[in-house]
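To start, the structure under review is shown below, and the notes come after it.
Residue numbers (this note's numbering): 56 to 483.
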């Protein structure tokens, strides 16, 4: 169904299908043109250099989401009566300069069959290994939060976005007092959504739901019995497991960007981990860029022989204008326009539910790049595509994506680097 496209020779058909969500047949054969013909001025796409966003921004980034921006920390009465010079001093005084690193740790395996749910022996072992890893990381941790000692003030701040002073000291209660019945929170058992749903989950996001696979003409003329048979025939039954692998550390100062010696070591360690996982992988697909190709080949040298292929669509690029924007990375809009169409094409080619003919659960490896993986994550989870740069992935990391026959998508892990120690861990 899909062909490998030559680098930067992406027909406008793919881009139009991407923008309009109408598949890859939106433009006739006569209208096909490659991106080398300056699609930035293309009237079919109705885009120009200043507009390379293919999806509407559902919600702007709230820069004061925690109500701790400088202006939020100054009392209005004091601010309104101050001179411009005094305001500048106030702002300077309350402007944060430090970065917070918060490590969210999930507990170890626990006893499901008991009411107290203590850790199993394996869970205790996991916790001990975790502690040793944290200790060996050379990170100086500042504090650990006490269990369940969270005042309702924090919960109110979370729900109402009104800061942590919404409840007076006398009104503070711990969450063990069932905040769902709390009149301060204004919630009851039938309404426990703290935020409005901006957008419903699209069950046919990949256009591979049973009804999408049946031609309308055939469907409209069929009897109810025949329709049931059609649906059964094209309903997927298998689950796809897609492992998105980021390449190893590479040489930033050279144009060909081959792996460093450490990058090669990371790829070998990655291969050993995958081989020891007892997962029977079906195939490997990798980007044609040197660093990804090297990573894939070194990784595969540590594993049982697998079918493999390369694909130019998976090359690194600028998938979509990020929100919030960052100062250290500002590609030209043309890069977003061209790379975005290609990376979206790659998403549609590789990230979808299983075909109806697939009988067994599959496990596939895709070795590519951080920007591509992060964009895939946002698209697969139906998160805003502009959010992709809010994540960071380590070299040779593993992101495990699961796509159920129903079209439901979940992430088992994002950027898993458990196979690397402090001496081999990098994020370049």
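Glycine is no exception: its CB is placed at the ideal position from the N, C-alpha and C atoms.
Sort the options by Cα distance to residue i and report the nearest one.
| i | options | result |
| --- | --- | --- |
| residue 408 | 149, 268, 183, 196 | 268 |
| residue 314 | 289, 344, 129 | 344 |
| residue 263 | 405, 140, 398, 473 | 405 |
| residue 147 | 258, 278, 255, 125 | 125 |
| residue 118 | 413, 394, 381 | 381 |
| residue 334 | 121, 422, 418 | 418 |
| residue 307 | 445, 383, 483 | 483 |
| residue 375 | 437, 332, 426 | 426 |
| residue 329 | 310, 317, 361 | 361 |
| residue 293 | 141, 422, 478, 459 | 459 |
| residue 455 | 342, 286, 290, 298 | 298 |
| residue 109 | 190, 340, 291, 398 | 398 |
| residue 401 | 432, 318, 194, 410 | 432 |
| residue 389 | 372, 383, 403 | 372 |
| residue 469 | 478, 392, 301 | 301 |
| residue 157 | 177, 166, 197 | 197 |
| residue 304 | 452, 177, 336, 134 | 452 |
| residue 149 | 280, 166, 129, 138 | 129 |
If you follow the beta strand (DSSP E) that residue i is in, where does it begin and where does it stop?
| i | result |
| --- | --- |
| residue 470 | 464–471 |
Looking at the secondary structure, which residues open and close the alpha helix (DSSP H) in which residue i lies?
| i | result |
| --- | --- |
| residue 405 | 388–405 |
| residue 317 | 316–331 |
| residue 456 | Note, residue 456: premise wrong, no alpha helix (DSSP H); beta strand (DSSP E) at 453–458. |
| residue 349 | 345–356 |
| residue 446 | Residue 446 -> no alpha helix (DSSP H), and no H or E assigned at all. |
| residue 488 | It is not possible to answer for residue 488, since the shown part of the chain is limited to 56 through 483. |
| residue 287 | 279–289 |
| residue 134 | 131–135 |
| residue 273 | 271–275 |
Check residue i in the structure and name its three-state DSSP category.
| i | result |
| --- | --- |
| residue 486 | Residue 486 falls outside the range modelled here, since the chain spans only 56 to 483, and no answer is possible. |
| residue 89 | At residue 89, the pLDDT of 38 sits below 50, so the modelled position is not reliable; the number obtained from the coordinates is stated separately. Residue state, collapsed to three classes: coil. |
| residue 436 | coil |
| residue 429 | helix |
| residue 188 | helix |
| residue 122 | coil |
| residue 207 | Interpretation of residue 207 is limited by its pLDDT of 37, a score under 50 that renders its predicted location unreliable; the figure taken from the coordinates is listed afterwards. Residue 207 falls in the helix class under three-state DSSP. |
| residue 413 | coil |
| residue 127 | helix |
| residue 267 | helix |
| residue 369 | helix |
| residue 113 | coil |
| residue 193 | coil |
| residue 380 | coil |
| residue 199 | coil |
| residue 441 | helix |
| residue 179 | helix |
Where DSSP assigns a beta bridge to residue i, which residues make up the other side?
| i | result |
| --- | --- |
| residue 418 | 296 |
| residue 340 | 364, 421 |
| residue 174 | 165 |
| residue 305 | 314 |
Exposed or buried, what is residue i when buried is set at 16 or more other beta-carbons lying within 10 Å of its beta-carbon?
| i | result |
| --- | --- |
| residue 428 | buried |
| residue 464 | buried |
| residue 162 | exposed |
| residue 467 | exposed |
| residue 394 | buried |
| residue 115 | exposed |
| residue 370 | buried |
| residue 349 | buried |
| residue 379 | exposed |
| residue 113 | exposed |
| residue 474 | buried |
| residue 476 | exposed |
Any beta-carbon of chain B closer than 9 Å to the one on residue i?
| i | result |
| --- | --- |
| residue 194 | Here there is only one protein chain, and chain B is not present. |
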